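Here UniProt numbering is used: the first residue of the sequence shown is 1, the next is one more, and so on. No residue lacks a Cβ here, since even glycine has one placed at the ideal position from N, Cα and C. Given the structure is predicted, the values throughout are model-derived calculations rather than measurements.
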Amino acid sequence: MTSPSPLADPAPWNLVDEWYAERGVHMLHPYARDAIALAAPAADARVLDVACGPGTLALLVAPAVAQVAALDFAAAMIDRLRERAERAGLVVDARVGDGQDLPWPDASFDAAFSMFGLIFFPDPARGLRELHRVLRPGGRAVVGSWSPFAESHPLSLLFTALRAVMPELPLGRGPAPLSQPDEFAAALAAAGFTGVRVEPVTHEFHFADVAAFWTFNVRGNAPIALIHQRLAPEQWQAFEADVLARLRERFGAGPVVYGQTALLGLGVR
1 MTSPSPLADP
11 APWNLVDEWY
21 AERGVHMLHP
31 YARDAIALAA
41 PAADARVLDV
51 ACGPGTLALL
61 VAPAVAQVAA
71 LDFAAAMIDR
81 LRERAERAGL
91 VVDARVGDGQ
101 DLPWPDASFD
111 AAFSMFGLIF
121 FPDPARGLRE
131 LHRVLRPGGR
141 AVVGSWSPFA
151 ESHPLSLLFT
161 ALRAVMPELP
171 LGRGPAPLSQ
181 PDEFAAALAA
191 AGFTGVRVEP
201 VTHEFHFADV
211 AAFWTFNVRG
221 NAPIALIHQR
231 LAPEQWQAFE
241 ADVLARLRER
251 FGAGPVVYGQ
261 TALLGLGVR
């Protein structure tokens with residue numbers, strides 16, 4: 001029996017809540033917009049965002065629909081969502097909870113989302129079944145996952161270094177959950193969804209240099225934050241030096257520019 005991933009625990013996500021809310025949401029906004037366009041919720045829709053983080057999608061969709069509920073297992077992320085909602089004058093029913101056991105009755109929502117969170121659940125299939133359960137008949141769910149990174153992708157280089165010090169992290173060692181279109185479509189169908197589609201979307205990201213890319217990840221990447229917390233100072237320095245050497249070999253002194261492809265899986269109840 002395999003051990004649960006460290007990323008299936010709220011602790012590492014609670015470590016990055018502030019930076020994630022401040023900077024990470026801007027990187028994820030393009031994918032959230034794509035997902036909202038795919039689900040196309042009506043103005044009177046009731047919308048759910050599961051594994052919502054600091055509200056990347058929830059706060060984006062809230063002005064356009066009637067009601068939004070959001071759930072995450074990391075209490076610090078929900079705190080950030082509530083703060084951001086209050087500043088924006090938006091009402092979101094934000095709760096701490098388990099995406100595999102949603103606290104809403106059957107047929108509560110017209111649209112449901114889980115962007116890059118359900119893929120880390122101990123049981124993603126159960127998470128998909130819960131999304132299906134809380135949708136009304138005809139309601140749409142959109143789930144986001146990541147396509148596998150090429151070996152030269154900066155995150156692939158970073159995760160290769162990560163695995164050397166924390167091999168239990170599910171990063172880059174074999175296919176990640178729902179990272180293959182056929183597997184993703186089959187999982188949605190097995191959860192009861194019809195009209196299943198899986199669409200790739202790619203957005204490009206720019207960092208001034210390797211140092212800027214690394215700083216962003218140290219402050220806002222949950223696996224890196226977990227490593228930083230667990231390693232002794234001299235171990236962290238060695239790990240950091242390894243990562244920077246890998247990145248500089250690939251990108252030199254210039255900017256770090258890369259495309260990142262997500263898969264958006266759509267299903268209808």
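query	result
Inter-residue spacing [alpha-carbon to alpha-carbon] between residue 140 and residue 13	27 Å
Residue 68 vs residue 92 beta-carbon contact at 8 Å	yes
From 214, 112, 166, residue whose alpha carbon lies closest to that of residue 231	166
Nearest to residue 32 (by Cα), restricted to the options 243, 215, 201	201
Outcome for residue 132 when other beta-carbon atoms lying within 10 angstroms are tallied against a minimum of 16	buried
Contact check, residue 190 vs residue 112, beta carbons under 8 Å	no
Burial state of residue 257, where buried means 16 or more other Cβ atoms lie within 10 Å	exposed
Collapsed DSSP secondary structure at residue 214 in the structure displayed	helix
CA-to-CA distance, residue 208 to residue 1, given in whole angstroms	Bear in mind that the predicted position of residue 1 carries a pLDDT of just 38, short of 50, making it unreliable; the figure below should be weighed with that in mind. Taking the straight line from one Cα to the other gives about 43 Å.
Meets three-Cβ-pair contact criterion under 8 Å: the segment 93-103 and the segment 30-45	no
Residue burial classification, residue 86 (beta-carbon count within 10 angstroms, cutoff 16)	exposed
Secondary structure of residue 40, DSSP reduced to three states	coil
Residue 197: first and last residue of the uninterrupted beta strand (DSSP E) it sits in	194-207
Where residue 265 falls, given that 16 or more other Cβ within 10 Å makes a residue buried	buried
Short Cβ contact (8 Å threshold) for residue 147 with residue 179	yes
Extent of the continuous alpha helix (DSSP H) to which residue 65 belongs	No alpha helix (DSSP H) contains residue 65, which DSSP labels as neither H nor E.
Three-state secondary structure (DSSP) of residue 137	strand
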